[in-house]
Every structure is written in C-alpha cells, then in structure tokens.
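Enquirer: Numbering-wise (my numbering), the sequence shown opens with residue 60 and increments by one.
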Amino acid sequence: MIKKLVLVFIVIFAIKGHSQQSTASPYSYYGIGSLNFKGTVENRSMGGLSIYNDSIHVNLRNPASYGGNNLASWGGESRPVIYTVGGGYQNANLKSENSQANTSATTFNYLAMSFPIGKLGIGFGIMPYTSVGYKLDNLNGEGVIGNRFSGEGGLNKVFLGAGYQIIKELSIGVDLQYNFGNIQSSIIEFQYDGDIPVQYQTRENNRSNLSGFSTTIGASFKKMITERLEVVSGLTYTAQSNLNSDNERSYSTITINSSTNVESVFNTVDSDLEATGLKETELTLPFKITYGLGIGQPRSWFLGAEYMIQNTSDFSNPLYRSSGTVYENSSRLSVGGFFIPQYNSFSSYYKRIVYRAGVRFEETGLNINNQSIDEFGISFGVGLPVGESRLLSNANLGFEFGQRGTTESNLIQENFINFQISLSLNDRWFQKRKYD
60 MIKKLVLVFI VIFAIKGHSQ QSTASPYSYY GIGSLNFKGT VENRSMGGLS IYNDSIHVNL
120 RNPASYGGNN LASWGGESRP VIYTVGGGYQ NANLKSENSQ ANTSATTFNY LAMSFPIGKL
180 GIGFGIMPYT SVGYKLDNLN GEGVIGNRFS GEGGLNKVFL GAGYQIIKEL SIGVDLQYNF
240 GNIQSSIIEF QYDGDIPVQY QTRENNRSNL SGFSTTIGAS FKKMITERLE VVSGLTYTAQ
300 SNLNSDNERS YSTITINSST NVESVFNTVD SDLEATGLKE TELTLPFKIT YGLGIGQPRS
360 WFLGAEYMIQ NTSDFSNPLY RSSGTVYENS SRLSVGGFFI PQYNSFSSYY KRIVYRAGVR
420 FEETGLNINN QSIDEFGISF GVGLPVGESR LLSNANLGFE FGQRGTTESN LIQENFINFQ
480 ISLSLNDRWF QKRKYD
C-alpha cells in the first residue's frame, strides 16, 4: 500500500511540476531567483526549525543528523533506512498601491534517502535550490506599458552527505552539493507611434547555464539534563562558493497579439558576449551560519529557537544588474516545536499524531528602492502515522501563512498561503537472525 502511495505522490507532483512554474513571485526577478526552503515539511511546520533530530526522520539541513544511535525498540540492532519525498502548493495575493492579482504555483520540494552504517549515516537526494518565475509590466509616465519583463528556471542541487556520532551526545557531518540549472529571462521595451504600439517590437533574450559545488558542515548536540528533560543544539556552516555561468544573449524582432499577448518571432540576432567579457562569468554564493538551541522531553514535546545569518552583501551577478537594487546581509529567526500526546498509544491513533507549530521572521537581504524586503510566516502541521506501527513511517502535512515585501516605493506585497505534504517512510534492510 505504501509503495503505491509513494508512486501516486511522485506522479502527481511530476505532472504539476511540468504544468506550472515552481514560483510566481515578482521578487524572483532578482539575483538567481527566490531561495527555496532547503528542509523537510517537518522542519517547515515548526517555523523552519532544523535543530531537532531523531531516528525516524531525515533532517536535510544538518548533515550531522545522519549519524546516531541504534533503536532500542529494534533490539539495538540498527536505525531505519528512510525514504522521504515532499511537495507543495502556494497561493499568493500580489498587491501594489494601485492594483492586485492572485497567483499560484505547485512545487516539487525534495526526494531523499538516508541509511545507517553503525554510528555512521549516509544521506543523498535532490531538491530545488532557487526558483524563477515572473511576468511583470512596467508602466511609463503616460500610464502605458513601457517594459515587459519575464523569466523562468532556477537552480537545483543534488547532495551527498555523511554524519557520524562521535560520542553519545555529539554528532558531526558534512554535505557536498552540486548545483546546476539555468535562468532564462527576456525584456521588451515597447515603442509607440503616438498612442499606438508599433507593429514590430524588440525583445532582449538572456540565458545563463549555471553549475558549481558547495559544502555544508554541521554539528548536533543532545544531552539529558534531568531524567525527563533533554537539551538540543545544532550548528551548520555553509562555505562561500562560486557558480560558473555560461551566458547567452540575443535580440529578436517580434509582434505581439493584442488579444492574447502571444509573441511571434520574425528574426533573431545573437549578441557577442565574448567581446564584453560576459560570455563566462562567476556568481558568488555567500557563506551562511545557523545556530539553534532547544529543550524538550524525548518522544513527547520540544520547543526551540534558531538564528541564521548570511553574508548576502557579497552576492554578485555580473550579467544582470538592476538599478535601485542593493544586496544586504540577510538573517532569519525561527521559533517552533512539536507535541505528541502519547507516541506509543495502542488505544488511540490521534494520540500518536505529531502536532507542530512555529513562526519565522526573515530579512531576505534584498533592498529595492531603499526598501528592505522582509518576510514572515506562521506555520502549523501534523505528522500522521501510516503503515506498520513497528516501522514508524508517517505522512506529514504543513500549512504556512505569511507576507513578503511592501507596497511602499512602488513595490509589491505578497500575502501567501503554502500547503506542503511529504512522506517519510522507514524500512529495515538487515536484521540479525535469532534462530538458525
């Protein structure tokens, strides 16, 4: 039954992922797109909190979580092999000083697996890193379209990580990521004959093929301070890295259907980026540090806080420069936790459900027209036990309500609702024989 459920889940999000862009945010115009949340539904349902680790979920944000103790409930033999897949749906209301519109996007969030080798653990998978998806019209002083901007694409990353439990309380880990993808954008500068658009317009087309490696190291500390209370902390550091960008630019003569806005290309001329030194460029991805601390009772409840800082002011993209745009250092504060009424209840299914909640406040590092673009979100979620109880598999549902940006300085405010769903499925590969 679980295998069929996984297949249906993957097919649904594969279809949705091809039928729609993974974001519809106007702020994905800047940099390399909107950064995707690089964690599980379980993390996101607690305000983005990623410091809590256990043996039945994958923590994609701290590679130290792959290492750990064997399960006492399994006779101390091993930890489970974990498969996890997640996706989401976002609906957003885009609001400016004069108008508003609604957008939606369906996303594939991650596909990952981890397996134990004693106190060592290995994890690998794939997930989107950034997303680009926008279509913006800029009105000139006469109230008609002056420029039209559109873009799509984004970065993906495949990762391979390892974690090892040095002592009972402390684990460390390292994650190697290969980032790849492309960003495509176009700009139309409208020309008019009086009040009437001319028949032929010119469109600038840009494409960047991106690739590069990055590394994250992490540590996780857990210690019982009383018979019932446990303190948990986590630290991750992502080093500064560079993306290689192979760039293309061309100019097309087009006509635009006034009823459908469909663009028809008549001829295209390639631009010589070699002459301007923009054929091959490097994009700097700044370093990031995250630290968190929390307290709780194992398998019952947990409450924690986490703070992230990133040196976003070091970000650079030589090909795309936007006037009025500055990159600042970014930060995020997350507070959240979970509650389980009775994890081993045989009489009540609802007592075994995990209830999660959290809140986050974020400075994105993007400054437009002297306005810092900030974001906040309030999240809720549940973890529903599925399959055989001894395997501790679960389906996770998450909801987030939030806001990004502002309507000041001719900018756009996004009010969004996110829905996420994931499966975290556990299995045993090797078991000791009790009888020959």
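We treat Cβ as the ideally placed atom computed from N, Cα and C, and that holds for glycine.
Please state the DSSP three-state secondary structure of isoleucine 480.
Expert: As a working note, residue 480 is residue 421 in the sequence shown. Here isoleucine 480 sits in strand by DSSP.
Enquirer: Express the C-alpha separation of methionine 367 and glutamate 422 in angstroms, rounding to a whole number.
Expert: Taking the first residue of the sequence shown as 1, we reach residue 422 at position 363. Taking the first residue of the sequence shown as 1, we reach residue 367 at position 308. So the alpha carbons of these two residues sit roughly 10 Å apart.
Enquirer: Which residues in the same chain have their Cβ closer than 7 Å to the Cβ of serine 309, if we skip the five residues on either side of it in sequence?
Expert: By 1-based counting over the sequence shown, the position of residue 309 is 250. For serine 309, where only same-chain residues beyond five positions count, the Cβ hits under 7 Å are Asn264, Thr327, Val328, Asp329 and Ser330.
Enquirer: Would you check if the distance between the CB atom of serine 230 and the CB atom of glycine 222 is smaller than 8 Å?
Expert: Here residue 230 is taken as the residue at index 171 of the sequence shown, counted from 1. Here residue 222 is taken as the residue at index 163 of the sequence shown, counted from 1. In contact: serine 230 and glycine 222 (Cβ atoms closer than 8 Å).
Enquirer: Threonine 314 and tyrosine 237: beta carbons closer than 8 Å?
Expert: In the sequence shown, residue 314 corresponds to position 255, counting from 1. In the sequence shown, residue 237 corresponds to position 178, counting from 1. In this structure, tyrosine 237 does not lie closer than 8 Å to threonine 314 by Cβ.
Enquirer: Along the chain, where does the beta strand (DSSP E) containing arginine 179 start, and where does it finish?
Expert: In the sequence shown, the residue the question calls residue 179 occupies position 120. The sequence shown places leucine at residue 179, not arginine. Element bounds for leucine 179: 179 to 198.
Enquirer: Let me know the secondary structure DSSP gives alanine 298 once reduced to three states.
Expert: Position 239 of the sequence shown, counted from the first residue, corresponds to residue 298. DSSP places alanine 298 in coil when its eight states are reduced to three.
Enquirer: Among Gly127, Gly146 and Ser155, which residue has its Cα nearest to the Cα of glutamate 467?
Expert: What you label residue 467 is simply residue 408 of the sequence shown in a count that begins at 1. Checking every option, the nearest Cα to that of glutamate 467 belongs to Ser155.
Enquirer: Residues in its own chain within less than 6 Å of asparagine 461 by CB, not counting five upstream and five downstream?
Expert: Translated into positions along the sequence shown, residue 461 becomes position 402. The sequence shown places glycine at residue 461, not asparagine. These residues qualify, in order along the chain: Phe435, Gly436 and Phe475.
Enquirer: For serine 311, write down the residues that DSSP places opposite it in a beta bridge.
Expert: Translated into positions along the sequence shown, residue 311 becomes position 252. According to DSSP, which records beta bridges pairwise, serine 311 is partnered with Arg262 and Thr327.
Enquirer: Which stretch, first to last residue, makes up the beta strand (DSSP E) that contains valine 100?
Expert: The residue labelled residue 100 in the question sits at position 41 within the sequence shown. No beta strand (DSSP E) holds valine 100; the alpha helix (DSSP H) holding it covers 100 to 103.
Enquirer: When DSSP labels each residue in this structure, what does tyrosine 402 get in the three-state scheme?
Expert: Numbered from its first residue, the sequence shown carries residue 402 at position 343. Residue state, collapsed to three classes: coil.
Enquirer: Determine which residues share a DSSP beta bridge with threonine 349 and list them.
Expert: Looking up residue 349 in the sequence shown gives position 290. According to DSSP, threonine 349 bridges with Thr295 and Met367.
Enquirer: Any idea if methionine 515 is buried or exposed, counting beta-carbon neighbours within 10 angstroms, 16 or more meaning buried?
Expert: One cannot answer for residue 515 here, as it falls past the ends of the chain, which runs 60 to 495.
Enquirer: With 16 other CB atoms within 10 Å as the buried threshold, where does alanine 298 fall?
Expert: Locating residue 298 in the sequence shown gives position 239, counting from the first residue. It counts as exposed.
Enquirer: Rounded to a whole number of angstroms, what is the C-alpha to C-alpha distance between glutamine 472 and glutamine 149?
Expert: Working through the sequence shown from its first residue, we reach residue 472 at position 413. Working through the sequence shown from its first residue, we reach residue 149 at position 90. Straight-line Cα distance between these residues: approximately 15 Å.
Enquirer: Return the CA-CA distance between threonine 166 and aspartate 373, expressed in angstroms with no decimal places.
Expert: Numbered from its first residue, the sequence shown carries residue 166 at position 107. Numbered from its first residue, the sequence shown carries residue 373 at position 314. So the two alpha carbons sit approximately 29 Å from each other.
Enquirer: Go to threonine 165, then tell me how far its beta strand (DSSP E) extends in each direction, as first and last residue.
Expert: Taking the first residue of the sequence shown as 1, we reach residue 165 at position 106. Looking at the DSSP string, the run of the beta strand (DSSP E) that includes threonine 165 is 159 to 176.
Enquirer: The alpha helix (DSSP H) that contains glutamate 497, what's its start and end?
Expert: Residue numbering for the chain in the displayed model covers 60 to 495; residue 497 lies beyond these limits and cannot be assessed.
Enquirer: With DSSP collapsed to three states, give me the class of asparagine 14.
Expert: Residue 14 is absent from the model: the chain starts at 60 and stops at 495.
Enquirer: Would you kindly work out how many angstroms separate the C-alpha atoms of glutamate 341 and threonine 295, rounded to a whole number?
Expert: Here residue 341 corresponds to residue number 282 of the sequence shown, with the count starting at 1. Here residue 295 corresponds to residue number 236 of the sequence shown, with the count starting at 1. Approximately 25 Å, taken between the alpha carbons.
Enquirer: Which class does proline 139 belong to by DSSP, given the choice of helix, strand or coil?
Expert: Stepping through the sequence shown from its first residue, residue 139 is reached at position 80. Reduced to three states, the DSSP call for proline 139 is coil.
Enquirer: State the CB to CB distance for the pair leucine 219 and leucine 235, rounded to an integer number of angstroms; the pair is presumed to be in contact (CB under 8 Å).
Expert: Here residue 219 refers to the residue found at position 160 when the sequence shown is read from its first residue. Here residue 235 refers to the residue found at position 176 when the sequence shown is read from its first residue. Leucine 219 to leucine 235, Cβ: 5 Å. Contact.
Enquirer: Note the first and the last residue of the continuous alpha helix (DSSP H) segment covering alanine 334.
Expert: Along the sequence shown, one-based indexing puts residue 334 at 275. Per DSSP, alanine 334 belongs to the alpha helix (DSSP H) from 332 to 335.
Enquirer: Please name the residue in Leu425, Arg266 and Val418 whose C-alpha comes closest to that of glutamate 365.
Expert: Residue numbering aside, residue 365 sits at position 306 when the sequence shown is read from its first letter. When each option's Cα is compared against that of glutamate 365, the closest is Val418.
Enquirer: How would you call glutamine 369, buried or exposed, if buried means at least 16 neighbouring beta carbons within 10 angstroms?
Expert: Here residue 369 is taken as the residue at index 310 of the sequence shown, counted from 1. Glutamine 369 comes out buried.
Enquirer: So what's glutamate 467 in DSSP terms, helix, strand or just coil?
Expert: Translated into positions along the sequence shown, residue 467 becomes position 408. In this structure, glutamate 467 counts as helix in the three-state DSSP scheme.
Enquirer: Taking one C-beta from the stretch 384 to 399 and one from the stretch 102 to 121 each time, how about it: are there three or more such pairs within less than 8 Å?
Expert: With a cut-off of 8 Å, the stretch 102 to 121 and the stretch 384 to 399 count as touching, because enough Cβ pairs lie within range.
Enquirer: What are the boundary residues of the beta strand (DSSP E) that includes valine 321?
Expert: Locating residue 321 in the sequence shown gives position 262, counting from the first residue. Taken as a continuous stretch (DSSP letters only), valine 321 belongs to no beta strand (DSSP E), as it is neither H nor E.
Enquirer: In terms of residue numbering, what span does the beta strand (DSSP E) encompassing isoleucine 246 cover?
Expert: Residue numbering aside, residue 246 sits at position 187 when the sequence shown is read from its first letter. Residues 229 to 248.
Enquirer: Please tell me whether glutamate 307 and arginine 262 are closer than 8 Å, where the distance is taken between their beta carbons.
Expert: Walking along the sequence shown from the start, residue 307 turns up at place 248. Walking along the sequence shown from the start, residue 262 turns up at place 203. Against a cut-off of 8 Å, the Cβ pair of arginine 262 and glutamate 307 comes out as no contact.
Enquirer: Would you kindly check if the distance between the Cβ of alanine 83 and the Cβ of alanine 278 is under 8 Å?
Expert: Locating residue 278 in the sequence shown gives position 219, counting from the first residue. Locating residue 83 in the sequence shown gives position 24, counting from the first residue. Not a contact, by the Cβ cut-off of 8 Å.
Enquirer: With 16 other CB atoms within 10 Å as the buried threshold, where does isoleucine 399 fall?
Expert: To locate residue 399, count along the sequence shown from 1; it is residue 340. With 16 or more other Cβ atoms within 10 Å, it is buried.
Enquirer: Alpha carbon to alpha carbon, what distance is there between isoleucine 246 and alanine 160?
Expert: For the purposes of this step, residue 160 is taken as the residue at position 101 of the sequence shown. For the purposes of this step, residue 246 is taken as the residue at position 187 of the sequence shown. Each residue's alpha carbon lies about 21 Å from the other.
Enquirer: Alpha carbon to alpha carbon, how far is lysine 178 from glycine 232?
Expert: The residue you call residue 178 lines up with position 119 of the sequence shown. The residue you call residue 232 lines up with position 173 of the sequence shown. Roughly 12 Å separates the two Cα atoms.
Enquirer: In or out: phenylalanine 405 buried (at least 16 other Cβ within 10 Å) or exposed?
Expert: Position 346 of the sequence shown, counted from the first residue, corresponds to residue 405. So phenylalanine 405 ends up on the exposed side.
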